[in-house]
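The listed protein sequences correspond, in order, to chains A and B.
Numbers 1 to 495, taken from this note's numbering, label the letters of the first sequence in order.
Numbers 1 to 135, taken from this note's numbering, label the letters of the second sequence in order.
Here the structure comes first, spelled out in structure tokens, and everything after it is commentary.
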Amino acid sequence: MSVLDATATTLRDEIAAGRLSAVEACRAALDRIASVNGELNAFNLVDGDRALDRAKEIDRRRAAGESPGPLAGVPIALKDNMDVRGMRTTASSRILEHFVPPYDATVVRRLERAGAVIVGKTNCDEFAMGSSNENSAFGPVHNPWALDRIPGGSSGGSAAAVASRCVPLALGSDTGGSIRQPAACCGVVGLKPSYGRVSRYGLLAFASSLDQIGPFARTVADAALTLTVLAGADPCDATTANEPVPDFAAALTGGVNDIRIGVPRAFVTEGVDSQVRRAYDEALDTLRRAGATLVDIDLPHARYAVPVYYLVCTAEASSNLARYDGVKYGYRSGAAKDSLKEMYSRTRDEGFGPEVKRRIMLGTYVLSAGYYDAFYLKALQVRTLLRRDYDQAFERVDVVAMPTMPTPPFRLGEKTDDPLQMYLADVFTVSANLAGLPGISVPCGFSSDGLPIGFQLMGRMFDETTLLRVADAYQRATDWHTRKPGGPEGPPLRP
Amino acid sequence: MARRIGVNVATTFTHAAAHMHGLHFAFCILHYDGVVPTTLTIADVERIAALAQLELTDEEKHLFTRQLADILHYAEQVQAIDTSGVPATAHVNAAQRTERDDEPRPSLPIEDAMANAPDSLPDAGLFRVPRVIGG
């Protein structure tokens, strides 16, 4: 039993009570990362010296009688698309391989103010574009439950780091499922807050109307604790909402007698693996037995969510990634010295990987004259219809339940030659981003091969309180989230 | 009295797109005939790559021609949906307006902002680039 088997909440309490030091917790995390990262490739960067300095400072403040903060001494990892001043941010891209940000993301300032200890940056799909982590310029992350399987994407390193007990908490970003889907693949909790709940200042932009930062944890209670620290309006991000931030962890009462759960049966049919379907039905049954009421709902436009998502996100990406041009920061091609235009195009061709180029190309196409109305504008109109589907459903229900992913985690390399098949893995997650809704994935079982399966709940805009209460009630009734890769002893990962 | 700056987030993204295609890459705007093709040619991919400032290899051109055609064909299903009178959602918090006084505040020092530039003259506050006109 390692200190890293403790939840973030317990670790915080132990450190606050003086039974464990922040330095001991930090050393345990660094040791664990050193022992498993060779197999997992979950971290792009580990900054042990900085982390230990911060941990010493937490211990010093506690010894001096100062208030240590709600995450004091808890080791945390950040997806490598969030800026920490002086610590490299690469977005797992060659074009930013040596970029050292001159400022902190708002989430970083909030985490460190709360006493969290950042240990490093996690591997991800390049610029958060992918569903399998295979688009990283630094190689794929391996799933801790089966090293030949994808960890999910795009925040695969964060999910694998939490699942393998390197850290009790990690941050990811979710544009179309990039927190919830890897959480499902790695058997951990992943929360995408409502759009505008958490500041995006210092998050590298992929699709600005969809991107949202959120936590990975092993329990819903830890995710709730972290969200309370991260959430709130920020003058540096005009899209953050002026919504009150409750103590999300305090609202986890365990009761769901008053809860009505929407079940979109017609949508959860074709293409869903039978084992995923069974786990989903059992999770619904567990919540029904706990006191919730199941209500059939219809989401007639949900089947268009994937095409709408890939038209919208690529359009926004083509605009956002125009800034990587070899002038202000990042890689510049040495091959083109004679003209600016050639320098731009050579830099971008050498610096970006295939999926990023594919999405820039698709986004440029759908925004170009003659195709704008037929693709981009049309997608924005269908996005409105999809939002209306959810508005109508939430008049009758408190949360909507779906699988997180239609299949268990597939094999590395299985879908890399067919981007469209890869995109279809996002069928159940992209709706929440298009509609701005909060969503969470919790572990709900395992396939016959021992691969994790996730159960997804979506809530009303800014009603994370109800969403977290239902997800927490599910964890109180089940023990899937207590299992760990490699069996009760944890390491080694290989059987 | 300080001027008020208004940020209407509903229009941010169409403006961002206009920035890329209308200003930053103004020299390579193309006009299509408005008919959406079911197939994509290598020439189409070359035109899109020029718009996006990407210099693709021949292998990439062939690969993207096939893959983008597949994806666009799949995405065409949205065109069958009746959206007459339906407004566009470019952004879910579009009703929110954020205003502040236009007053100077401390910001990133120039040397920090330029520290990552591949080629710059920080003392002069300049980024150095290859020849802009001709070539």
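C-beta atoms are modelled at their ideal positions from N, C-alpha and C, and glycine is treated no differently.
Remember, predicted model here, so these are calculated numbers, not experimental data.
Under the three-state DSSP convention, the category residue i falls into
i               : result
S431 of chain A : helix
L299 of chain A : coil
S458 of chain A : This sequence places Met at residue 458 of chain A; Ser is not what is there. The answer is strand: DSSP assigns M458 of chain A an E or B state.
T83 of chain B  : coil
L78 of chain A  : strand
N37 of chain A  : helix
G73 of chain A  : coil
G353 of chain A : coil
T98 of chain B  : strand
I133 of chain B : coil
M114 of chain B : coil
M87 of chain A  : strand
G125 of chain B : coil
G363 of chain A : helix
A471 of chain A : helix
A441 of chain A : According to the sequence as given, residue 441 of chain A is Ser; it is not Ala. Strand.
M405 of chain A : coil
H21 of chain B  : With a pLDDT of only 36 at H21 of chain B, under the threshold of 50, the placement of this residue in the model should not be trusted; the figure read from the coordinates follows. In the structure shown, H21 of chain B sits in a helix (DSSP, three-state: H, G or I).
P68 of chain A  : coil
A6 of chain A   : coil
F99 of chain A  : coil
R411 of chain A : strand
G48 of chain A  : helix
F394 of chain A : coil
Beta carbon proximity, residue i to chain A, threshold 8 Å
i               : result
A117 of chain B : yes
E55 of chain B  : yes
D112 of chain B : yes
P106 of chain B : no
P130 of chain B : yes
I48 of chain B  : yes
A43 of chain B  : no
A124 of chain B : no
A52 of chain B  : yes
D70 of chain B  : yes
L121 of chain B : no
F127 of chain B : yes
V9 of chain B   : Only weak support is given to the placement of V9 of chain B: the predicted model assigns it a pLDDT of 34, under 50, and the value that follows is read from those uncertain coordinates. Yes, V9 of chain B lies at the interface with chain A (some Cβ there is under 8 Å from its Cβ).
Proximity test, residue i beta-carbon vs the ligand MG heavy atom, cut-off 7 Å
i               : result
V220 of chain A : No copy of the ligand MG appears in this structure; indeed no ligand is present at all.
Cβ-Cβ separation, residue j to residue i (assumed contact under 8 Å), whole Å
i               : j               : result
V427 of chain A : P409 of chain A : V427 of chain A to P409 of chain A, Cβ: 15 Å. No contact.
R396 of chain A : G262 of chain A : 7 Å
V3 of chain A   : L11 of chain A  : 7 Å
S131 of chain A : A425 of chain A : 5 Å
L51 of chain B  : S368 of chain A : 6 Å
I118 of chain A : L78 of chain A  : 6 Å
V399 of chain A : I259 of chain A : 7 Å
P485 of chain A : A163 of chain A : 6 Å
N44 of chain A  : F138 of chain A : 6 Å
Min CB distance residue i to chain B below 8 Å
i               : result
G351 of chain A : no
V308 of chain A : yes
A432 of chain A : no
K378 of chain A : yes
Y201 of chain A : no
G436 of chain A : yes
L45 of chain A  : no
R61 of chain A  : no
G177 of chain A : no
T89 of chain A  : no
P193 of chain A : no
F428 of chain A : no
D83 of chain A  : no
T384 of chain A : yes
Y344 of chain A : yes
task = List in chain order: all unbroken beta strand (DSSP E) runs of 3+ residues lying wholly within the region 227-294 of chain A.
result = 260-263
query = In chain order, which continuous runs of the beta strand (DSSP E) of length 3 or greater are located wholly inside the region 120-205 of chain A?
reply = 169-173 and 189-192
message = Under 9 Å, CB to CB, which of the residues in the region 358-371 of chain A have a partner in chain B?
response = R358, I360, M361, L362, G363, T364, Y365, V366, L367, S368, A369, G370 and Y371
Residues of the region 80-98 of chain B with Cβ closer than 8 Å to any Cβ of chain A, in chain order = I81, T83, V86, P87, A88, T89, A90, H91, V92, N93, Q96 and T98
task = Anything in the region 314-342 of chain A with a Cβ closer than 8 Å to a Cβ of chain B? List those residues in chain order, please.
result = A315, E316, S318, S319, N320, A322, D325, G326, V327, K328, Y329, G330, Y331, R332, A336, K337, D338, S339, L340, K341 and E342
task = Give, in chain order, every residue of the region 239-267 of chain A whose Cβ lies closer than 9 Å to some Cβ of chain B.
result = T239, T240, A241 and N242
query = Using Cβ-Cβ distances below 9 Å, what residues of the region 462-484 of chain A are close to chain B?
reply = none
ask   = Going along the chain, which residues of the region 395-425 of chain A sit with their C-beta nearer than 7 Å to a C-beta in chain B?
value = P419 and L420
task = Taking only beta carbons into account, state which residues of the region 117-145 of chain A come closer than 9 Å to chain B, listed in chain order.
result = none
ask   = Of all the residues that make up the region 440-465 of chain A, which are near chain B by a beta-carbon distance shorter than 9 Å?
value = M461
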